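Chemist: Residue numbers (the numbering used here), protein chains in the order written: chain A, 330 to 692; chain B, 1110 to 1392; chain C, 11 to 323. The beta-carbon is built from N, C-alpha and C at its ideal position, and this holds for glycine as well. If you're wondering where the values come from, they're calculated on a predicted model, not measured in any experiment.
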Amino acid sequence: MARVVIRNLNKMYNEVHAVKGVNLEIRDREFVVLVGPSGCGKTTTLRMVAGLESITSGEILIGETVVNELPPMDRDIAMVFQNYALYPHMSVYENMAFGLKMRKFARPEIDQRVREAADILGIEDYLARKPRQLSGGQRQRVALGRAIVRHPQVFLFDEPLSNLDAMLRVQMRVEIKKIHDRLGTTAVYVTHDQIEAMTLGDRVVVMKDGIVQQVGDPLELYNAPTNRFVAGFIGSPAMNFAKVGVAEEGGTICAVGDGMRLKLPARIAERLRAHIGDEVTLGIRPEDLYLASGDGADGLSFAAVVEVVERLGSQILLDVKVGSGAMVAAVEPTVQARVREHLRLRLNAERLHFFDGRSEIAI
Amino acid sequence: MIEGAKWRRWLYFYIPLGTFIFWLLFPFYWMLVTSVRPDRELYRPWMAPNYTPFWTAHPTLEHITNLLTETLFIRWMANTLFIACVSTLISLFCGVFAGYALSRLKFRFAGALGTGIFITYLVPQTLLFIPLADIIRNFHLGDTPWALILTYPTFLIPFCTWLLMGYFKAIPRELEECARIDGATRWKAMVYIIMPIALPGILSAGIFAFTLSWNEYIYALVFLSSAEEKTVSVGVASDLVRGDVFYWGQLMAAALLGSIPVAFIYSFFVEHYVAGLTGSVKG
Amino acid sequence: MAVSDVVTQRAFARAPRRGAATRLLEDERWLAAALLLPTVILLGLFIAYPFVEGVWLSVTDARVGVPGHFVGLDNFTMLWNDSIFRVAVRNTFVYTAVATIFKLGLGLWLALLLNRNFRGKAFTRAFILLPFIIPTVLSTFAWKWMFDPTFSVINWTLFQLGLIHARINWLGDPNLALISVIIVNVWRGVPFFAISLLAGLQTINPELQEAAAIDGARAWQRFWHVTWPLLLPVTMVVMLFSIIQTFADFQLVYVLTGGGPANATQLFATYAYQIGVGTGLLSQGAAISLAMFPFLLIVVVVQLLYIRRVEVH
């Protein structure tokens, strides 16, 4: 069983509390992604699992063993680094064989494993070359190969695709996913790119300021974010937010904000009953905003002025001004819209999110 | 970029550069000419007409042969070579380890020790030679090459350490981390990964250390007394001057031959030497 | 190559039992200690210990073969009243200051010349360093021969060119000796300055010069406002090394003049040798050597502070 259990993990750097009480259980064969902005503690957490950083308090288990005191070489893990970290003075073959040599594997066994991994990654032709003779994508494959030959219990990835150009990144993402499906090894993957997180992870862990914000599968995070940060972090283009006051007018609950007055359908309104009189944050994703026909009598639309029209081909992004704030609407490519045009946007009430004005937790 | 007329280029570039080169290299040329000039041509007073002042029509090898057969010159060369090689090896050994420890390991006194080692580099030999002579005598090392082999590292190690720290720092941390995850102990990661990559730096430090050892004088002068143990610099300065008479032909031959090993090794590793010199300055 | 083969070949390495030594060396602090031990021992034995003993010697009246008794600062007072010592101090400061200025100026000029591209540049650069590479004693003897009062080739040339009529006694004339010695020191040091400054120049982005030229700056203005400030860090480090070496110089003067004529070229180091080793007055010799230390310390501290300040920027 190669699960990874992290219990009450904390890391202090002098005065800075970089990782605060992280609890996580990664199941055998699972691909878990740690995602968050720079400085959120995801890389530190990964490095503690690897044994490259000391643990201030808490426990990490790999398999059934508590690994707090074990040096990296004894944890049976393999890591793929952002900068590939290929040994420049060794050939591709020697790079991949190094770990096995250190563990005193027999030469024929090493050869077999290296060729096997090279075959999976399609780098058999490069085995004699030195890293400096390879392109970025090839180097990353070698880094992957080096990890694969070790047949470890857990793969660790530290932003491995950040140094690649956009197209290569998409290609390698798919490769990594395929390799994981094929090998089935437990994997922990760190990235700041939420698209990578969503496409690669069986489960995604969103972190901010050293604290785990939410853990769940990608769709769960997308549809039911537990707080405003997760809602704004996941999804591209990002969710639109607006501060609104909750008021009761003649039996219906309304959300009143700068430039909008929304009459909320009963089911949704019930959630807000406890917050009447308070200010909450409303969230709606760009893809859940539509051009409204009619005059807005249904109470779910508001006025907007187009500021920028971004034509992406598959959709059009309208950057609009609502009241004194701004929003983005993602609409069909057939929509005709011009800059400075006044129009009305309607939102899909089923897809509204609300967050408490102070705690920012989802309502 | 000197734009403009050709004369400007000559005035501002070729002439100054030529003058510099001439001034810097003439003494060596003079060394060479004097070594092969027969005695009768050598001792012509400064204002006597001399039809071939800057070369000789009758080159002779007698100075060189006398030097090699009648003096202990070859023995001195052997001594110096031995001392320089062993000191360099010791200094590289200590310097590589110290440089690695100071640049890649985190421990409490790293900063203080680094500064301390740097400071020792700045303590000149002429400050320490008198008490050191005493200490050498107490350790019964006087008049042996070991007196020098053990004391030369005092100015070689700080330099090597400092130079190698620069090279080590340039190696990404991830290489070591990856090696440690791959199964290497810290020690093995240092030996198998870091040191091969830093090889140019190690070569540079070695070359520089070798030339510095060859060049040292005051310790050799004070710690060695018997003629057989002397280094080239000391031997040439003391034993080739007999009773206030300078045998210039032989002296210059000695100077020339004594310079050759260093110049020879230097010529193979110029790039490394320059890298060592500039690396230590850019720090 | 079946996927199942890969999966079943998984080898779960149980954490191996490691020897105590290996485990100890995994700890950063113990490994650092082990790696630094040889260096610390060597430097401690042959620098720290002699330094302390040197201080001790300087406050005793020890002589060769005669152990000393504590005499406080007597040696230093004696030196202070010693006219030769005062001459040596003055000489050393003059020697260091003048030589350094010339080495810096000429070295900089040479570096600027070498900074252009020309045929044979690498070759030239290699040859230029020879004065610095070749053992000092040996090249100094060449200069001694060139300065010889009777047979000097320099005198011969100047005479043939009609520039002099009486011989120049480079090393024997008390008024000229220090100058001659400085010339040889500068000759030896210019390559070091030149190559180091050249390296510094090469790290300066040429676009800065070009932008300045477009802005209308002339050559010397470009140098003063763009090149020089960017070169300053390297210059300071080079000067640090050079000043210390020159201040404590021994070989050059010892071979050329031995400190004479009439102490015209006596320096700290040569005087310390003369007194400590020549006449066997160990304690006084040690005191003379030690007298160098305050100045060196000031130089080092000033330069370190400067470097620290530059780094902060």
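Please name the residues in the stretch 493-512 of chain A whose beta-carbon is closer than 7 Å to at least one beta-carbon of chain B, in chain order.
Modeler: The stretch 493-512 of chain A vs chain B, Cβ under 7 Å: nothing.
Chemist: Is the beta carbon of A1329 of chain B closer than 7 Å to that of T1340 of chain B?
Modeler: Cβ atoms of T1340 of chain B and A1329 of chain B: closer than 7 Å.
Chemist: Using 8 Å as the threshold, is the stretch 1215-1232 of chain B in touch with the stretch 1296-1307 of chain B, meaning 3 or more CB pairs across them?
Modeler: These segments do not touch.
Chemist: Only counting the same chain, and skipping five residues up and downstream in sequence, which positions put a Cβ closer than 7 Å to that of N1188 of chain B?
Modeler: P1254, E1338, K1339 and T1340.
Chemist: Listing by chain order, which chain A residues have their CB less than 7 Å from the CB of I1302 of chain B?
Modeler: Residues of chain A passing the Cβ test: Y416.
Chemist: Counting only C-beta atoms, is R442 of chain A closer than 7 Å to chain B at any point?
Modeler: R442 of chain A does not count as touching chain B.
Chemist: What three-state label does DSSP hand I692 of chain A in the structure shown?
Modeler: I692 of chain A falls in the coil class under three-state DSSP.
Chemist: Taking CB distances under 7 Å as the criterion, tell me whether M302 of chain C reaches chain B.
Modeler: With 7 Å as the cut-off, M302 of chain C counts as an interface residue toward chain B.
Chemist: May I ask you to report which of helix, strand or coil DSSP gives H671 of chain A?
Modeler: Three-state DSSP puts H671 of chain A in a strand.
Chemist: Under DSSP, the alpha helix (DSSP H) around T1344 of chain B begins and ends at which residues?
Modeler: One point to set straight first is that residue 1344 of chain B is Gly, not Thr, in the sequence displayed. Per DSSP, G1344 of chain B belongs to the alpha helix (DSSP H) from V1341 to D1348.
Chemist: Compute the distance between the beta-carbons of A58 of chain C and S293 of chain C, then report whether it is under 7 Å.
Modeler: Cβ atoms of A58 of chain C and S293 of chain C: not closer than 7 Å.
Chemist: Less than 6 Å between the CB of L1236 of chain B and some heavy atom of the ligand NAD, yes or no?
Modeler: What this structure holds is no ligand at all, so the ligand NAD is not there to describe.
Chemist: List the residues of chain B that M156 of chain C touches, going by C-beta distances under 7 Å, in chain order.
Modeler: Going along chain B in sequence order, the residues near M156 of chain C (Cβ under 7 Å) are P1136 and W1139.
Chemist: Assuming R39 of chain C and F1216 of chain B form a contact by the criterion Cβ under 8 Å, report the distance between their Cβ atoms to the nearest whole angstrom.
Modeler: Between F1216 of chain B and R39 of chain C the Cβ distance is about 5 Å, and since that is below 8 Å, they are a contact.
Chemist: Should G701 of chain A be flagged as near chain B, meaning a C-beta pair shorter than 7 Å?
Modeler: No statement about residue 701 of chain A is possible, as the shown extent of chain A runs from 330 to 692 and does not include it.
Chemist: For the stretch 483-559 of chain A, which segments carrying the beta strand (DSSP E) assignment without a break, of at least 3 residues, lie completely within its bounds, in sequence order?
Modeler: Here the runs fully enclosed are 483-487, 515-520, 532-537 and 540-545.
Chemist: Check whether the stretch 1260-1270 of chain B touches the stretch 1189-1203 of chain B, taking contact to mean three or more Cβ pairs, one atom from each stretch, closer than 8 Å.
Modeler: In short, these stretches touch, since the Cβ pair count reaches three.
Chemist: Alpha carbon to alpha carbon, how far is A1114 of chain B from L116 of chain C?
Modeler: Distance between the alpha carbons of A1114 of chain B and L116 of chain C is about 25 Å.
Chemist: If we ignore side chains and look at the alpha-carbon of each, how far apart do N569 of chain A and Q313 of chain C end up?
Modeler: About 57 Å.
Chemist: Within the 7 Å Cβ cut-off, does R232 of chain C reach chain B?
Modeler: No, because no Cβ of chain B sits closer than 7 Å to the Cβ of R232 of chain C.
Chemist: List the whole-angstrom C-beta distance separating I597 of chain A from A678 of chain A, where the pair is believed to meet the contact cut-off of C-beta under 8 Å.
Modeler: Between A678 of chain A and I597 of chain A the Cβ distance is about 6 Å, and since that is below 8 Å, they are a contact.
Chemist: Would a C-beta distance cut-off of 7 Å place V533 of chain A and L550 of chain A closer than the cut-off?
Modeler: In contact: V533 of chain A and L550 of chain A (Cβ atoms closer than 7 Å).
Chemist: Assign E578 of chain A to buried or exposed, taking buried as 16 or more other Cβ atoms, counted over all protein chains shown, within 10 Å of its Cβ.
Modeler: By the neighbour-count rule (16 or more Cβ atoms within 10 Å), E578 of chain A is not buried but exposed.
Chemist: In chain order, what residues of the same chain have a beta carbon less than 8 Å from the beta carbon of A414 of chain A, not counting five sequence neighbours either side?
Modeler: Result list for A414 of chain A: A472, in chain order.
Chemist: Of the choices A:D648, A:L529, A:A426 and A:K430, whose alpha-carbon is the least far from that of E639 of chain A?
Modeler: The shortest C-alpha separation from E639 of chain A is found at A:D648.
Chemist: Could you run through the stretch 118-130 of chain C and flag, in chain order, every residue whose CB is less than 9 Å away from some CB of chain B?
Modeler: Residues passing the 9 Å Cβ filter: W119, L120, L123, L124, R126 and F128.
Chemist: So, are the CB atoms of M1140 of chain B and L1365 of chain B less than 7 Å apart?
Modeler: Their beta carbons are under 7 Å apart, which means M1140 of chain B touches L1365 of chain B by this criterion.
Chemist: Give, in chain order, every residue of the stretch 1277-1296 of chain B whose Cβ lies closer than 8 Å to some Cβ of chain A.
Modeler: If the cut-off is 8 Å between Cβ atoms, the stretch 1277-1296 of chain B has P1281, E1283, L1284, E1286, C1287, A1288, R1289, I1290, D1291, G1292, A1293 and T1294 near chain A.
Chemist: Would you check if there are 3 or more beta carbon pairs closer than 8 Å linking the stretch 434-452 of chain A to the stretch 475-488 of chain A?
Modeler: Contact holds: three or more Cβ-Cβ distances are below 8 Å.
Chemist: Among residues of its own chain, excluding the 5 on either side of D546 of chain A, which ones have a beta-carbon nearer than 8 Å to its beta-carbon?
Modeler: Hits under 8 Å: G530, D531, R532 and V533.
Chemist: Secondary structure at R640 of chain A, three-state DSSP: helix, strand or coil?
Modeler: In the structure shown, R640 of chain A sits in a strand (DSSP, three-state: E or B).
Chemist: Count the other C-beta atoms from every protein chain shown that fall within 10 angstroms of the C-beta of K340 of chain A, then say buried if there are 16 or more, exposed otherwise.
Modeler: K340 of chain A comes out buried.
Chemist: Quick one: grab the DSSP three-state call for V69 of chain C.
Modeler: V69 of chain C falls in the coil class under three-state DSSP.
Chemist: Counting only beta-carbon atoms, is S39 of chain C nearer than 7 Å to chain B?
Modeler: Rather than Ser, the amino acid found at residue 39 of chain C in this sequence is Arg. Closer than 7 Å: yes.
Chemist: Closest to A30 of chain C by C-alpha separation, out of B:L1308, B:D1353, B:N1324 and B:T1294, would be which residue?
Modeler: Per the Cα distances, B:T1294.
Chemist: Please return the same chain residues whose Cβ sits closer than 7 Å to the Cβ of A274 of chain C, not counting the five positions on each side in sequence.
Modeler: Only P184, A187 and L188 meet the Cβ criterion.
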